[in-house]
Every structure is written in structure tokens, then in C-alpha cells.
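To convert a position in the sequence shown, counted from 1, into this note's numbering, add 1.
Heads up: the structure comes next, in C-alpha cells.
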Amino acid sequence: MPPPPHAKPENVLKRAQELVAVNKNLSALELLHDHVTAKRTRNSPIPALEPVMIMFVELCVSLRKGKTAKDGLYQYKNIAQNTSVPTIELVLKKFIELAENKVTEAQERAEQIIKLDQIDDLEASETPESVLLSTVSGEQSKDRTDRAVVTPWLKFLWETYRTVLDILRNNARLEIMYQTTAFQAFKFCQKYTRKTEFRRLCELLRNHVQNAAKYANTMHAINLNDPDTLQRHLDTRFQQLNVAVELELWQEAFRSVEDIHTLLTLSKKQAKNVMMANYYEQLTEIFMRSENYLFHAAAFSRLYNLLLASAAQVAQNPALKKDSPDASKEERVRVASLFLLSALSIPVISQARSRGTLLDVDEAKRTKNTRLTNLLGMSRAPTRAALFKDIINKGILKIARPEIRELYTILEVDFHPLSICKKISPILEKIAADEKLQRYVHPLQQVILTRLFQQLSQVYDSVQLKFVLDLATFPSPFEVTPSIIEKFIMNGCKKGDLSIRIDHAAGVLTFESDIFSSTKPLHPGSGAGSAEKGSIQKLQSTPSEIVRTQMSRLAKACYITLTHVDPEFVAERQVAKEAAQQRALKGAAKEHKDTLARRTIIERKKEAAESALIKKEKEEAAIRAQKQEEARAAEAARVAEAQRLRDQARIKAEQDRIRKEEIKKQLEDLALKNKVDLDKIDDLDSNAIRRMKLEQLEKEKKDMSEKLRITGKRIDHLERAYRREEVKLLPQDYERQRAQDLAAYEEEKKLTLETAKTQHEEAVALKHRLGRLVGSYESFRDRIKEERAAIFEANRKRAEKELEKAKEKRRQEVRAAREAELRAQEEEERRRREEEERIAREEQEKKEREERVREEMKNAASPQSEERRPTPSAGGAYRLPAKRTEGTASPGTSTPRHNNGPYRRRDNGQEGGSPAPQEGEKPQGNKYIPPSQRQGGWRK
Numbered sequence: 002m003p004p005p006p007h008a009k010p011e012n013v014l015k016r017a018q019e020l021v022a023v024n025k026n027l028s029a030l031e032l033l034h035d036h037v038t039a040k041r042t043r044n045s046p047i048p049a050l051e052p053v054m055i056m057f058v059e060l061c062v063s064l065r066k067g068k069t070a071k072d073g074l075y076q077y078k079n080i081a082q083n084t085s086v087p088t089i090e091l092v093l094k095k096f097i098e099l100a101e102n103k104v105t106e107a108q109e110r111a112e113q114i115i116k117l118d119q120i121d122d123l124e125a126s127e128t129p130e131s132v133l134l135s136t137v138s139g140e141q142s143k144d145r146t147d148r149a150v151v152t153p154w155l156k157f158l159w160e161t162y163r164t165v166l167d168i169l170r171n172n173a174r175l176e177i178m179y180q181t182t183a184f185q186a187f188k189f190c191q192k193y194t195r196k197t198e199f200r201r202l203c204e205l206l207r208n209h210v211q212n213a214a215k216y217a218n219t220m221h222a223i224n225l226n227d228p229d230t231l232q233r234h235l236d237t238r239f240q241q242l243n244v245a246v247e248l249e250l251w252q253e254a255f256r257s258v259e260d261i262h263t264l265l266t267l268s269k270k271q272a273k274n275v276m277m278a279n280y281y282e283q284l285t286e287i288f289m290r291s292e293n294y295l296f297h298a299a300a301f302s303r304l305y306n307l308l309l310a311s312a313a314q315v316a317q318n319p320a321l322k323k324d325s326p327d328a329s330k331e332e333r334v335r336v337a338s339l340f341l342l343s344a345l346s347i348p349v350i351s352q353a354r355s356r357g358t359l360l361d362v363d364e365a366k367r368t369k370n371t372r373l374t375n376l377l378g379m380s381r382a383p384t385r386a387a388l389f390k391d392i393i394n395k396g397i398l399k400i401a402r403p404e405i406r407e408l409y410t411i412l413e414v415d416f417h418p419l420s421i422c423k424k425i426s427p428i429l430e431k432i433a434a435d436e437k438l439q440r441y442v443h444p445l446q447q448v449i450l451t452r453l454f455q456q457l458s459q460v461y462d463s464v465q466l467k468f469v470l471d472l473a474t475f476p477s478p479f480e481v482t483p484s485i486i487e488k489f490i491m492n493g494c495k496k497g498d499l500s501i502r503i504d505h506a507a508g509v510l511t512f513e514s515d516i517f518s519s520t521k522p523l524h525p526g527s528g529a530g531s532a533e534k535g536s537i538q539k540l541q542s543t544p545s546e547i548v549r550t551q552m553s554r555l556a557k558a559c560y561i562t563l564t565h566v567d568p569e570f571v572a573e574r575q576v577a578k579e580a581a582q583q584r585a586l587k588g589a590a591k592e593h594k595d596t597l598a599r600r601t602i603i604e605r606k607k608e609a610a611e612s613a614l615i616k617k618e619k620e621e622a623a624i625r626a627q628k629q630e631e632a633r634a635a636e637a638a639r640v641a642e643a644q645r646l647r648d649q650a651r652i653k654a655e656q657d658r659i660r661k662e663e664i665k666k667q668l669e670d671l672a673l674k675n676k677v678d679l680d681k682i683d684d685l686d687s688n689a690i691r692r693m694k695l696e697q698l699e700k701e702k703k704d705m706s707e708k709l710r711i712t713g714k715r716i717d718h719l720e721r722a723y724r725r726e727e728v729k730l731l732p733q734d735y736e737r738q739r740a741q742d743l744a745a746y747e748e749e750k751k752l753t754l755e756t757a758k759t760q761h762e763e764a765v766a767l768k769h770r771l772g773r774l775v776g777s778y779e780s781f782r783d784r785i786k787e788e789r790a791a792i793f794e795a796n797r798k799r800a801e802k803e804l805e806k807a808k809e810k811r812r813q814e815v816r817a818a819r820e821a822e823l824r825a826q827e828e829e830e831r832r833r834r835e836e837e838e839r840i841a842r843e844e845q846e847k848k849e850r851e852e853r854v855r856e857e858m859k860n861a862a863s864p865q866s867e868e869r870r871p872t873p874s875a876g877g878a879y880r881l882p883a884k885r886t887e888g889t890a891s892p893g894t895s896t897p898r899h900n901n902g903p904y905r906r907r908d909n910g911q912e913g914g915s916p917a918p919q920e921g922e923k924p925q926g927n928k929y930i931p932p933s934q935r936q937g938g939w940r941k
């Protein structure tokens, strides 16, 4: 079956509007979808196709047909992306706007479903239905209403955002629309707290960026090397990071940070300071949530450095202020205080569940720290000591808040084991009063306990456990229990940072003093936050430290003694030192020259290696491009073949469906649908259906004839019985009907008389009432008639005058026209007479010449020529012999004419003629006809 003819977009739109007008929205949507997805639609003009797409998306939204909308919009994008990008943006914006409006309407409708006026009994707060529903579901009635009314439209809106992002992903000319749609999707997830959808949205955007390289060779492909494109993707990722933090999706926030870092490494242009400030601000929140206090403090360090750099740039160029973060004094004080407090909160003893610090050197741990370091843009991993060194060098202690500065002094400078908790308690109360700083109290407690035990171990060998518990007191509600302190001691001993033994029977806490034990970590300043070298003030060395350093102390004492006892040793050392200096000075030039030569060689080797590497990369890139091109060609061929097979299958299925529908329709018309197995419709052909149709018609004809015969016989008998019984009742019926007619006549007559009487009385009363107005009416009527008559007479006279003027004007025009016509006729007649006189004169002259020629010829003729004398022809005209005329006539001679003159009558072959009328003479007859208008008239 051939496909239906292609229709114009205007006709399709008109037909769809007609279907919508009769509430056939689904049929209208199918019509528009078929038109949009048709191949011939690609040649349609975009202005004609745009209204079709607007109506298409309206119907898709109203019917919640997301897949149909996606298919149609993909086709429209392929049609218009190379010629008219604004129309794609217009259609997609309309699509999103309609979906958002539907969600808003659904929310309003859900709020209107449950109203107070629907509650019959105000005292009955619970209905039996609500009680039953509450037993099987935790949802309230509003939640169930939202799930039934609002949730389907929320799902459709989410599908709308995904569809639009998929359509816009691979076209650089649609980047702004892509970014706007992503922002709208983020706002949707944030407004309705859609965490699952937000994760899917982040994954979708991540896949789009990863697939950008796959479509790099296509027209209008996404180019991440373009600064504007990269900036838009960075803006999108920053918004994604902000929403992830708002939704407390810390895993997604961390992945967003990694995405931002990846885009920043690709960017050739440095990101704006305000964006980087937001980046570090969100990183601090992420690290705080993950309890990674070390990198949390490092993020604040980077944020503070950025504020200082931004303030310096704004001071040099005020135009950069709009792209810079707030670097006011209050903001710097806030960030500096948070930086110092976060650095103090870094645990000295790691809280990780591991056996000692050996896990810190594990490959996975190092990889993680390297990733986090790269995210912060630092050259090496931060440490607690390095952060405090940075704090001191930048003078942050002078800028930070006084209570935090005092806390630093107590924890990192002073040595006061018996009063450390007592001094810190008021500071903790101030910190806890600030909601933003309250989260640092718990890590600070770990640091305070670490400092407490480290300082006690330098003063005491053993102390009462109750004494230690009394020292480790904190303000409410941050008290620590004995079990927490014991757990902290065990963790410190396991990490190797503490060496303490607890005797619960005696209630004593003993600090180990084994001369062969070591409380130092395997790698000071590790990222895990173990005890660091020089991190506490030392009152005296421990026995283990004395044993460990005795050889170095002995060597130092021997060296000092030798320098005082043996002067020659000092002189030999001085001579050796001077000789070494002389050798160094002599070989410095050569060593410098060798160094430069070696540098040149190294640079050449490096350039050769780089050239080889570049050449290899180009070859590999060419091979990859060739493979990608082959893969794309194979994929395109596969897709084209699959599309062709799908089209064939679709066309065949459509043909089968239409054929089955036609057969079903014919069977329905024959009333055989229930008598024929619908599964065997494929076996039926046109001959079988025609045969069944003939059989059915024959059967119906026979049935109808039999029914008519039976019905006629029954009606005949029944009518005969009716008439027999009716004859008996006819007289009675006649009398009854006569009485009824008489009564009705009397009633009608009475009513008519009463009505006529009433109308007459009313007319008489009206006449008497209106009779008083007759005089006034007649006088008014006469006055009006006189006025109208006067007006009419004046108008009539004016019209007569105008008519006379017009008639006189018309007479003059006609008279002038007639005179002009007569003058023209006289002039024409004069010219005609002159022409006739001239022609007559020429004919006369010609005749005289011919006579002279004849006379001359007659005088010169020989006896033979006399025999060939011209003979008169029929009609009285003389003709010369043919031989004489052809051979001897001179150019000036001509054949003689009849003696009747130059005029002769055209009489269609009749002989002879009549003379022309003389000048001023009229021809015989009733009317004179000019020669130019005659048929068969006078001519030369």
C-alpha cells in the first residue's frame, strides 16, 4: 500500500486544530507526530513548521507523552539546527514552560482538594477511612493527595529537563540554552528536595562532557578548548556544587569538586576569583562533613590566600571588583579565625581504625591524599606543622579573634598540664555560643586531651586516675565520661603517640619510662595527624630520649674537648678547609663550563625526546582518528541499515494493520465478525470476502422475504379481527365523539365571546383615553406636514435649478460634439474628393500617354503586326496579344482599359460597369454610402 501523500505544515496544523476542537487530542498528536517525523518534512520551511511544533509540544504536555515529545523534538532539532537555532530555543522553552505550569496547577489543585467546607463534622477529626488508611500507611491525607495529583507532573517535568538536556548536548550554538536548562533542573531538585534525581542529573551532565570528544568532528561540536564554552561548563559545575551542599549530598559535592578541578586544568584562562572563593568555601564544608580536619584547614588556607591576592588585585585595578570576592576587613577576620580554629582542630592522634600509622604509607592512602592535594591546587600534601608555620608567617594570629588566639597560645605555646582544661573551658563556651563554630568543639576536645597527657607524661611517672579525670573537665554540655577518656588513651597507645598503662585495681595511671621505647611516630607530620616533632613544649627529656641520644651527646662533648686541648687539630682543619676552597675556586670555571655543556646536551636530548614524543602522538592521533572515522562510518552504515529495516518493518506492519482493519470493517458491515476467527484474518483474501458478502446478502434477502411474508399474514388476520370487533362499537363511539365535539364547541364559543367582549371593552376604553390627544396630535401633524412641505418645496426648486443647469451644460456639450463631428466629416469628405480628383487626373494623363503610344505603334507597325491587332474581349475591353505584351511592350506602357473611364464597378465577375458619380452627385437609392464603406463599391 503506498504511503499517504505529504501534506503542507499549514494544512496539518489546521487539521490538528479541528481535531482538538472536537476533543480528539490524541488523534491530533498522532497526526502532528507523523508529520514531524516524516522524511519529507525536512524540506519544509522553518517558519511554517514552527507553529506545528508549538502545538505539538502543547499536546504532548497536556497528554503527558514524554517519549513522543522527545522523538519529535529530536527530529525538529536535526531539521533546524543548521539554519535556525532561535526556533529550537523557542520550542524548547515553550516545552519547559508548559511543564512547569502544569506542576504549579497540580499543586494548586491538590491544595483545593482538601478544604474545610468538605468536613461535615468538625468534632470528628478522624473519619473511618482515614483511620483505616493510617493503619496501613504512614502518609497523611495531603501526602496521598500530592502523590496522586502532583507526583505524576513532577515526574513529567523531570523527564522534560532530561529530554531538553539530551537534545542540546552536542551543539555549540545551543550552549546558552543548555546552561539555562541545567540551572532550571538544579532549581527543580533544590525546590522539591529531589536527591535521587539530582544524582542522576549530575551523572547525565558528566556523561555529556565526557562524550564531547566523541562528537568533536561533527558540525557545531562542543569545543572545551574554547574559553567561553569552558566558562559556561564551570559556571554549571559551580551551581551543581552549591545545590549538592544545600541538599547535603556530600558524595555528589565531592564529585562535583573533582569535575571543577578537571575543567580548571583544561582551562587556559584563570578562573574568576569569586568562583574560586566559592570553590574553596564549598571544599571546606565537604571536608568538614567527612571529618577530614587536615584538608579542611588546608582549604581555609587556600581561601585566605585567595582573599589576600584578590584584595591586592582590586587595589591595583578597581575594575576587577565585580569578579572578586568580598575581601573586606570583616571577611578577612572571619576567614582567618576559621583558618586558625580549623588548624587547631586537627587531631594530633589519628582517629582512623588502623593498626598504628603503617596504614598512612599505604598506596591507597597516598593516592587519596594526592587527589585531595590536587583539588586544593597545592604542590604537596599539607601537614599540621606546615599549616601553623603558614599561620605564623602570614600574621594570622594578629588578625584572628582574641579567644581563638588565646586558644592557640594555650594549646601550642604554654606548658600548664594542671590548668589547661580550666583555662580552655571559657573559650569553649564562647565558641559553642557561635552556631558556625560549635562543630569544632568535639575535635578540639581530642587535641586538648592529647596535650594534657603529653604534658603530664613529662612531669609525672604515675598519677591517680581520679586526679586525671578531675583535670579533664569540660563545660556543659561537652563533658567527657571516663570511658571516653580510657578509649582515647587506648587509641593513642595503639598509634604509638602515648605510652600509658592503666591499673584499674589501684586506680593509677602510669606513664611508661622504658629506655628502649619510642613515642615518636614513624613519619613525623604525617597526614593522619600523629604527634609531630616540636609540637609541644618540653620540660625535660624522657629516659628513652636520654638513651637514644647518648652517643650523639658523647660525640659532641669529645669534639668540643678536642678543639680546646689540641690546637694543631684546629689548624689542620683550617688548612684543609682553605685547600678545599682553593680547589673549588680553580675548578669552578671548568665545572661551570661542563655544567653548561651538560645542560645543552640535556636540552637537545629533551628536545629530541619531545619531538619523537610529539611525532608519536601525532601518528597515534592519526591512527585513532582513522579508527574513529572507520568506526563512525561503520556505525553510520549500521544505523542506516537498522533504520532501513525498521522502516521496512514499520511499513509492512502498517500495511498489515490497514489490511486487517479493512477486513474487520468489511466483516463488521457483513455482521460476520463474531462468526469468523479473527486470528485467521490473514488467510482471507478479496475473493473469499466477496464470496462471503454475496452469501450474506443472499441469506439476508431470503430472511427478509420470509419475515415479510409472515408479518403480512399476521397483520392481515389481526386487522380483519380488529375490524370485526370495531363494527360493534362504532355507533357508541360516534355518539360519544358527537357529545364531546358539541361540548368543546360550546366551550370554545363561550370563550371566544368572552374574549371578544373583553377586547371590545378594552378598545373602547383605549379610544376614550386617546381621544383627548386627537386635537394635539392633529395640530402637531399639520405643523410637521407644513414644515416638511416647505423643506420639500425648497429642495425641489433647488433641484430643478440644478437640473436645468445640468441639462444646459449637457446641451452645450452635445452641440459641441456634433459640430466637431460635422467638421471632421466635412474635412474627411474634402480629403476624399481631393484624392479622387488626383486619381482621376492621373488616370487621364495615363490614358493620354497610352493613346500616344498606340498611335506611335500604329504608325510604325508592319503588315504582319496588323494581323495581330488587339481584339475586344468580353465586356468590351481590348487586350494585346500575349506574345506582344510579354516581348515588345515597353516598361512605360500598360494594358488599355475600357472606355468607360477610370472607375468601374466591382460586380463579382459581371461584365461591364457603370460610371462613377460626379462631384456633389448622390447615387440612386435611399441613403448615400461613402466609397470607403461600400462592398463592391467604386474603385480605381
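The beta-carbon is built from N, C-alpha and C at its ideal position, and this holds for glycine as well.
Where residue i and residue j are concerned, what is the direct C-alpha to C-alpha distance, given to the nearest angstrom?
i, j, result
"Lys786", "Asn796", "15 angstroms"
"Arg831", "Ala841", "15 angstroms"
"Gln582", "Val576", "10 angstroms"
"Arg633", "Asn79", "18 angstroms"
"Thr520", "Ser500", "Per-residue confidence for Thr520 stands at a pLDDT of 47, beneath the threshold of 50, marking its modelled position as unreliable; the derived number appears in the next sentence. Cα-Cα distance, rounded: 7 angstroms."
"Leu597", "Leu586", "17 angstroms"
"Thr601", "Ile449", "57 angstroms"
"Ala650", "Leu50", "28 angstroms"
"Phe288", "Glu436", "18 angstroms"
"Leu14", "Leu668", "34 angstroms"
"Glu736", "Ala766", "45 angstroms"
"Lys9", "Leu250", "51 angstroms"
"His593", "Ala609", "24 angstroms"
Considering only their Cβ atoms, is the gap separating residue j from residue i smaller than 8 angstroms?
i, j, result
"Phe416", "Ser458", "no"
"Ile425", "Leu341", "no"
"Val151", "Lys103", "no"
"Val53", "His36", "yes"
"Ala186", "Tyr162", "yes"
"Ile347", "Asp498", "no"
"Ala81", "Thr164", "no"
"Ser311", "Ala328", "yes"
"Gly493", "Lys467", "no"
"Lys66", "Leu30", "yes"
Going by CA-CA distance only, name the one from the options that's closest to residue i.
i, options, result
"Gln232", "Thr266, Val246, Glu249 and Glu204", "Thr266"
"Leu32", "Lys848, Pro48, Ile47 and Glu11", "Glu11"
"Phe301", "Leu339, Glu259, Leu743 and Ala173", "Leu339"
"Asn226", "Gln760, Lys270 and Gln667", "Lys270"
"Asn243", "Thr263, Asn274 and Glu282", "Glu282"
Under 6 angstroms Cβ to Cβ from residue i, same chain only, skipping five residues before and after it: list those, please.
i, result
"Gln180", "Arg233 and Thr237"
"Thr374", "Ala382"
"Tyr441", "Leu342 and Ser346"
State the start and end residues of the unbroken beta strand (DSSP E) segment that holds residue i.
i, result
"Val464", "Ser463 to Gln465"
"Ile485", "No beta strand (DSSP E) holds Ile485; the alpha helix (DSSP H) holding it covers Pro483 to Lys496."
"Val509", "Val509 to Phe512"
"Arg502", "Ile501 to Asp504"
From which residue to which residue does the alpha helix (DSSP H) around residue i run?
i, result
"Arg174", "Careful: Arg174 lies outside any alpha helix (DSSP H) and carries neither H nor E."
"Arg799", "Val775 to Ala861"
"Arg406", "Pro403 to Tyr409"
Leaving out the 5 sequence neighbours to the left and right, which residues in its chain are closer than 7 angstroms to residue i when beta-carbon positions are compared?
i, result
"Val21", "Ala29"
"Asn172", "Gln82 and His221"
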